[in-house]
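Those protein sequence lines, which keep their order, are chains Y and U. Going from the first sequence to our numbering is simple: count from 1 and add 9. Going from the second sequence to our numbering is simple: count from 1 and add 1291. Cβ coordinates follow ideal geometry from the N, Cα and C atoms, glycine included. Since this is a predicted model, take the numbers as computed values, not measurements. Data block below; observations after.
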Amino acid sequence: MSITDTATVDRTVVSPTLAADAAPGAPAAPLSKKKFGFAFWLAVSWLGFLVLCATSVNKLPIRKKDDTDYLLAAAMGDGSVHWARTFGRAHYLGVDNNGNDLLTYALNGARISLTVGVATIVLGVVGGGILGMLGGFFRGRLESVFTFLTNALLSIPPLLFLLLLVSVMAAQSGRVSLPRFIATLGALTVPTYYRLVRASTLQQATREYVLAARSLGAKRVRILVREILPNVIKPIMAQALIGVGAVIVVEGTLSYLGAGMGGDTISWGRMMQDASGLSKMQQSPHAMFVPAGFIFLTVLSLNFVGDKIRERLEVKQSNI
Amino acid sequence: MRYAVRRLASVVPLIFVVTLITFSMLKLLPGDPVTTILGNGASDPVKVAQLTKELGLDRPFHMQYLSWGANFLRGDMGSQYNGGTGETVRDVVGRNYPVTVELTIMALVLALALSIPLGMTSAYRSGTRTDRAISMGNYATLSSPAFVVGPLLVFIFGLQLKWLPVGQYVPVSDGLWLHLKSMILPAITLATTQLASFTRLLRTDMDSMLKEDFVTMAKSKGMSDRYILWRHALRPSSLTLITVAGVNLGALLGGSVVVERIFNLQGLGAGLLQGIGNREYLQVLGIVTIITVTILLTATVIDLLYGVIDPRVRVSR
Chain Y
10 MSITDTATVD
20 RTVVSPTLAA
30 DAAPGAPAAP
40 LSKKKFGFAF
50 WLAVSWLGFL
60 VLCATSVNKL
70 PIRKKDDTDY
80 LLAAAMGDGS
90 VHWARTFGRA
100 HYLGVDNNGN
110 DLLTYALNGA
120 RISLTVGVAT
130 IVLGVVGGGI
140 LGMLGGFFRG
150 RLESVFTFLT
160 NALLSIPPLL
170 FLLLLVSVMA
180 AQSGRVSLPR
190 FIATLGALTV
200 PTYYRLVRAS
210 TLQQATREYV
220 LAARSLGAKR
230 VRILVREILP
240 NVIKPIMAQA
250 LIGVGAVIVV
260 EGTLSYLGAG
270 MGGDTISWGR
280 MMQDASGLSK
290 MQQSPHAMFV
300 PAGFIFLTVL
310 SLNFVGDKIR
320 ERLEVKQSNI
Chain U
1292 MRYAVRRLAS
1302 VVPLIFVVTL
1312 ITFSMLKLLP
1322 GDPVTTILGN
1332 GASDPVKVAQ
1342 LTKELGLDRP
1352 FHMQYLSWGA
1362 NFLRGDMGSQ
1372 YNGGTGETVR
1382 DVVGRNYPVT
1392 VELTIMALVL
1402 ALALSIPLGM
1412 TSAYRSGTRT
1422 DRAISMGNYA
1432 TLSSPAFVVG
1442 PLLVFIFGLQ
1452 LKWLPVGQYV
1462 PVSDGLWLHL
1472 KSMILPAITL
1482 ATTQLASFTR
1492 LLRTDMDSML
1502 KEDFVTMAKS
1512 KGMSDRYILW
1522 RHALRPSSLT
1532 LITVAGVNLG
1542 ALLGGSVVVE
1552 RIFNLQGLGA
1562 GLLQGIGNRE
1572 YLQVLGIVTI
1582 ITVTILLTAT
1592 VIDLLYGVID
1602 PRVRVSR
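Next comes the structure, spelled out in structure tokens:
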């Protein structure tokens, strides 16, 4: 769609002038020294903590995944134990209706969410980055074809498209393997990064340093890899962190709709789905609060960290 | 005018590609409709061949696609294979479309109604504690997907406070007030997914507007801040807002699938999920096409309206 195209181009054109306008009012020097602040490091620590726990979930002193607490579940079922009383030394975040330890489940869900999120975005950034740089640098028919395909893919709401794709893949066995799931999601993030990278390659290709390299007789591949790539990649990296958060949300949504990886894969979206029936909500609402909290904190941290890094990069750019 | 025609024409190949992709993907779904319809009778090869021919499934792929396309243009989207109710896909789409449209519009209006004052306050009080609080609120809504917000709202307002009914959709025929009561939580849920992006956009846009010369001019003429904000600064910024609202329509319609599932609404999303579950290819295809056409046409119309509203765009064309 041309609308988004013009929107991105406009923004890239407008932002430098805005920064220049702002410069006389606010001195540039203190801006560049701006610290990330407490909240930033808090978000980083949550992400670090989550990664650490998710990778070592089987070694932590918490209940094992298959060690179901039937007694407690039954007691909660007949009303003799209130849900809030299932918290304790045995279960740090309580158990759900089926006697599953919620902390163990949430951390296993974190494994899936983080793996899917990071791997998908890596695929999308690499794929979209290569295509975007080629399209933005060489222009011509190549660019027209890529752009048309991108527009076609982006005009189907991604969620609907994924819903269809995953259902097709899961139709035979009722489940989708992790690599195939990631490949599908990754393929659908390619257009987004294609657009971003193409727009910034277009912009960078007109800069003086490219002209200088060209007049020094540098080959086109060299210009693309050694000159343009380093300038294009930085803003994309900050964007990628936010992208990881978005993919975690998409994975959760698909699982919630029953179109996730299926099988016995534990994921945050699946936990939400399992806990959000009306009667279950009344009996054990904490089974819903736990995955909700994990999703919220993780996506919030990713958004926050990504934004702060991007802000800092923008300040640096405007100082040049 | 010529631009308008060209712009509309550029939508056609996109629709073609989208339907072709969807069509081929549905063909890849295992379990064909013939077996589904016949059930136990599927062991009889004569019956299978007969029905396959009847449904036109024996023809080559491109012929199937073309005949579907031709029928679609005539307004015939085919019928359900094993619905039993004998409903055509057009009936299903016709029944479910208004629900989704209503939900989407309510969410959009709600999101705009909240984000315009929030974004303006944030830009006006840029750098203050209020601004920071709004920005934190943006992060919070940005990080709360619909499938988290929805169930939590149901829990708080439906089960704990018992203010609103949950788990059922009340049609308008049962009374307007009851209907609106059943739609308010879904609309809020869908609106939260868009709130942050609108507010942020408006804040950035207004922030740069307030630095423009015409604002300084208005101020020096002694106009009140309130008047300047609403009359001078909001008007140009509202254009950006309209564009983004149009672009985000896809996300809204996609999000309505989830929201319809959470709140049990019978909209297009619900029809789509049922279609996938029951292997009703034509229903899925019809709904995906309708949604895509809606998105593309809205985007085009907004793009064209842009020229009507904003004289600057007209000149540059």
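Could you name the residues of the segment 135-161 of chain Y whose beta carbon sits closer than 9 Å to any beta carbon of chain U, in the order they occur along the chain?
F157, L158, N160 and A161
At the level of alpha carbons, what is the spacing between W1454/U and V1461/U?
15 Å
Determine which residues of the segment 259-281 of chain Y have a Cβ less than 7 Å from any Cβ of chain U, and write them out in chain order.
G261, T262, Y265, L266, G278 and M281
Using 8 Å as the limit for Cβ to Cβ distance, is I318/Y near chain U?
no
S1370/U, DSSP secondary structure in three states:
strand
Please look up how many angstroms separate the CB atoms of S264/Y and S276/Y, rounded, as I've assumed it's under 8 Å.
5 Å
Taking CB distances under 8 Å as the criterion, tell me whether P1527/U reaches chain Y.
no
Cα-Cα separation between G1558/U and V1384/U, rounded to whole angstroms
8 Å
Rounded Cβ spacing between G133/Y and T193/Y (contact assumed at less than 8 Å)
At roughly 11 Å, the Cβ-Cβ gap does not stay under 8 Å, so G133/Y and T193/Y are not in contact.
Within the segment 283-319 of chain Y, ranges of the alpha helix (DSSP H) (whole runs, at least 4 residues):
287-292
Does S1528/U pass the burial test, meaning 16 or more other C-beta atoms within 10 Å, or should it be called exposed?
buried
According to DSSP, is L271/Y helix, strand or coil?
The sequence as given places Gly at residue 271/Y; Leu does not occur at that position. DSSP places G271/Y in strand when its eight states are reduced to three.
Best match in V131/Y, S182/Y and R120/Y for proximity to G271/Y [C-alpha to C-alpha]
S182/Y
Other residues of its chain near L1613/U: CB distance less than 8 Å, five sequence neighbours each side excluded
In the structure as shown, chain U starts at 1292 and stops at 1608, and residue 1613/U therefore has no counterpart that could be examined.
Sequence-distant residues of the same chain with beta carbon closer than 7 Å to V1308/U, five excluded per side:
none
Return helix, strand or coil for D1498/U, following the three-state DSSP convention.
helix
Quick check: what's the CA-CA separation for A1295/U versus L187/Y?
46 Å
Suppose contacts are defined by Cβ-Cβ distances below 8 Å. Is L123/Y in contact with V60/Y by that definition?
yes
So, is the C-beta of Y1430/U closer than 8 Å to a C-beta in chain Y?
yes
Determine, using beta carbons only, whether F1438/U and I1553/U come nearer to each other than 8 Å.
yes
Going straight from the alpha carbon of S176/Y to that of I1475/U, what length do you get?
31 Å
Quick check: the Cα distance between D1422/U and M1397/U, rounded to an integer number of angstroms?
27 Å
Can you give me the start and stop residues for the alpha helix (DSSP H) that R1503/U sits inside?
One detail in the question is off: residue 1503/U reads as Glu in this sequence, not Arg. Here E1503/U belongs to no alpha helix (DSSP H), and DSSP marks it neither H nor E.
For the alpha helix (DSSP H) containing P239/Y, list its first residue and its last residue.
L238 to Y265
Based on Cα-Cα distance, which residue from P1389/U, L1299/U and G1366/U lies nearest to L1556/U?
P1389/U
Beta-carbon spacing of L311/Y, G254/Y below 8 Å
yes
Under a Cβ-count criterion, where at least 16 other Cβ atoms within 10 Å of its own Cβ denotes burial, should K332/Y be classed as buried or exposed?
In the structure as shown, chain Y starts at 10 and stops at 329, and residue 332/Y therefore has no counterpart that could be examined.
Report the residues of the segment 1541-1568 of chain U with a CB closer than 9 Å to any CB of chain Y, ordered along the chain.
G1541, A1542, L1543, L1544, G1545, G1546, V1548, V1549, R1552, I1553, G1560, L1563, L1564, I1567 and G1568
8 Å CB neighbourhood of L258/Y in its chain, flanking five on each side removed
The amino acid at residue 258/Y is misidentified as Leu; the sequence shows Val. Within the same chain, V258/Y has close Cβ partners I304 and V308.
Using a Cβ-Cβ distance cut-off of 8 Å, determine whether L322/Y contacts chain U.
no
Alpha-carbon to alpha-carbon, F157/Y and R207/Y:
13 Å
May I have a chain-ordered list of the alpha helix (DSSP H) segments no shorter than 4 residues that lie completely inside the segment 1335-1394 of chain U?
1336-1345 and 1352-1364
Below 8 Å on the Cβ atoms is my contact criterion, and I expect A1487/U with T1432/U to pass it. Report the Cβ-Cβ distance as a whole number of Å.
5 Å
Do three or more CB pairs link the segment 125-141 of chain Y to the segment 289-300 of chain Y at distances below 8 Å?
no
Is the shortest distance between the beta-carbon of S1473/U and the beta-carbons of chain Y less than 8 Å?
no
Using 10 angstroms around the beta-carbon of E236/Y, count the other beta-carbons present and answer buried if the total reaches 16, otherwise exposed.
buried
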